[in-house]
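Numbering (my numbering), first residue to last: 126 to 469.
Virtual Cβ for every residue (Gly too), placed ideally from N, Cα, C.
What follows is a short report on a single structure.
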């Protein structure tokens, strides 16, 4: 699959409306691999996006889905966090959402992926059973699992994955770890992680986390990756579905750093440090998707009020290098930078 890409670039699947069909199509048409994000959508909404994307490109593309996690959470910690968020809700004139577990329409999405014969399917938050991977491969899909450790990489390779997306701790948005245990929150930077995984498995690797330009792409390829995945780099593209306030925040001097937090969703995720993150990051329990459902109305209210301080502004460590360019132009610029880096 990766050897057929004219340009070794994957546009990361960014859930929450960021990875639009227009963005994925622009990247695929430019020679990379565009991705749709199935997370937080119903199976039928995901199907509609696949159909829309196919009207925009005849090139290969990918779809990412979330693997359901453990239903077990600390109910007392969840209730304490809900009580704390009530004051935030009152300030915004909103209500705290109902904490609940769901499987993100897992079974129905699996059926859609099989029926639509999606060229590339990737998984986040876990590795599906061997039978799931084999069924997708039989339907013609190239299957990729996102990993954050050597152990996860071995599990995914054993399950039959065609490739691994190796996510370093620099990555924006959710950390793709298979579990959600605060005692195991330590994460490796991309290049040490690539080195570990490269010695443990013999399948193609995709490098993800903090890569923003051609020099970064070249370094990852030299470190053993077959292709690289960029997410934050595409956030400011006009085809991106990121909220305008989110796009603006990436270039706003007041947002001076990123950090990893559970405050918005109950799972570790990297974003720009704003008021909400600073106030609530120490209180949020490891409860996903419960916390996501609780804070969703608050984040929406902040966005409606034009206040980025209460929004989840996901971004990787290299966010200052994000460029406000059409996606196709960005891919061409990255290609030019990569070629220049190879010549040096």
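Taking the beta strand (DSSP E) that residue i falls in, what are its first and last residues?
| i | result |
| --- | --- |
| residue 187 | 186-191 |
| residue 336 | Element bounds for residue 336: n/a, residue is neither H nor E. |
| residue 161 | 159-162 |
| residue 383 | 383-386 |
Would you say the beta carbon of residue i comes nearer than 7 Å to a heavy atom of the ligand NAP?
| i | result |
| --- | --- |
| residue 200 | This structure lacks the ligand NAP; in fact it carries no ligand of any kind. |
Grab the span of the alpha helix (DSSP H) containing residue i for me, first residue to last.
| i | result |
| --- | --- |
| residue 319 | 315-325 |
| residue 170 | 168-181 |
| residue 377 | It is not in any alpha helix (DSSP H) - residue 377 carries neither H nor E in the DSSP assignment. |
| residue 279 | 275-283 |
| residue 422 | 415-429 |
| residue 402 | 400-405 |
| residue 453 | 452-468 |
| residue 199 | Neither: residue 199 is in no alpha helix (DSSP H) and is coded neither H nor E. |
| residue 236 | 231-241 |
| residue 360 | Note, residue 360: premise wrong, no alpha helix (DSSP H); not H, not E. |
Just verifying my parser: in three-state terms, what is the DSSP assignment at residue i?
| i | result |
| --- | --- |
| residue 269 | strand |
| residue 290 | strand |
| residue 348 | coil |
| residue 134 | strand |
| residue 395 | strand |
| residue 226 | coil |
| residue 209 | helix |
| residue 249 | strand |
| residue 332 | strand |
| residue 442 | coil |
| residue 152 | helix |
| residue 435 | helix |
| residue 368 | coil |
| residue 353 | strand |
What does the alpha-carbon distance come out to for the pair residue i and residue j?
| i | j | result |
| --- | --- | --- |
| residue 211 | residue 433 | 19 Å |
| residue 417 | residue 454 | 34 Å |
| residue 299 | residue 469 | 34 Å |
| residue 326 | residue 278 | 7 Å |
| residue 463 | residue 215 | 50 Å |
| residue 152 | residue 208 | 43 Å |
| residue 234 | residue 174 | 12 Å |
| residue 225 | residue 415 | 5 Å |
| residue 335 | residue 295 | 5 Å |
| residue 237 | residue 244 | 13 Å |
| residue 128 | residue 303 | 28 Å |
| residue 193 | residue 380 | 32 Å |
| residue 274 | residue 349 | 16 Å |
| residue 346 | residue 301 | 21 Å |
| residue 172 | residue 241 | 8 Å |
| residue 427 | residue 467 | 44 Å |
| residue 450 | residue 197 | 43 Å |
| residue 373 | residue 447 | 11 Å |
| residue 257 | residue 269 | 12 Å |
| residue 389 | residue 421 | 8 Å |
| residue 486 | residue 154 | Any question about residue 486 goes unanswered here, given that the chain covers just 126 to 469. |
| residue 222 | residue 247 | 29 Å |
| residue 142 | residue 252 | 24 Å |
| residue 266 | residue 328 | 16 Å |
Contact defined as beta carbons within less than 8 Å: I believe residue i pairs with residue j. What is the distance between those atoms, to the nearest angstrom?
| i | j | result |
| --- | --- | --- |
| residue 163 | residue 189 | 6 Å |
| residue 291 | residue 318 | 6 Å |
| residue 341 | residue 465 | 13 Å between Cβ atoms; not a contact. |
| residue 362 | residue 148 | 6 Å |
| residue 383 | residue 444 | 7 Å |
| residue 391 | residue 413 | 4 Å |
Could you tell me whether the segment 277-284 touches the segment 349-364, using the rule of 3 or more Cβ pairs below 8 Å?
no
Does the segment 402-413 touch the segment 191-206, meaning 3 or more C-beta pairs lie closer than 8 Å?
In short, these stretches touch, since the Cβ pair count reaches three.
Do three or more CB pairs link the segment 426-446 to the segment 396-404 at distances below 8 Å?
Short answer: they touch.
Is it true that the segment 344-354 meets the segment 130-137, where meeting means three or more beta-carbon pairs spaced less than 8 Å apart?
yes
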